Amino acid sequence: MMEDYATGLEEQRNNTPVAWLRDIKYRILLCRSLKHDLYDYLIDCHSSLTYNYGKLNQESENETGTYSENFSRR
């Protein structure tokens, strides 16, 4: 819709708002893309942390021993 309006203005040789409209369109699309990328990244991080936490708990239940502060087995 914005692109159609910008094209119409451009055909009327009214170029001042055309660049402005296209810039806004670009910024909106960029923000939407970044929002989805951030959401996907957070989901991946959560999944990884959940998996690693479960794995760590399972390993600690299966093993006995003394662990130092850096979690390496003595």
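When the letters of the sequence shown are read in order and numbered with numbering that gives the first Met the number 0, they come out as residues 0 to 73.
Ideal Cβ positions, reconstructed from N, Cα and C, are used throughout, including at glycine.
All of these numbers come straight from a predicted model, not from anything done at the bench.
| Query | Result |
| --- | --- |
| Hey, would you say Leu8 sits closer than 9 Å to Leu20, going by beta carbons? | yes |
| Could you tell me the distance, in whole angstroms, from the CA atom of Gln11 to the CA atom of His35? | 36 Å |
| Buried or exposed: where does Ala5 fall if 16 or more other Cβ atoms within 10 Å of its Cβ makes it buried? | buried |
| For Arg21, does the three-state DSSP call read helix, strand or coil? | helix |
| Using only the alpha-carbon positions, how far apart do Lys24 and Leu48 sit? | 36 Å |
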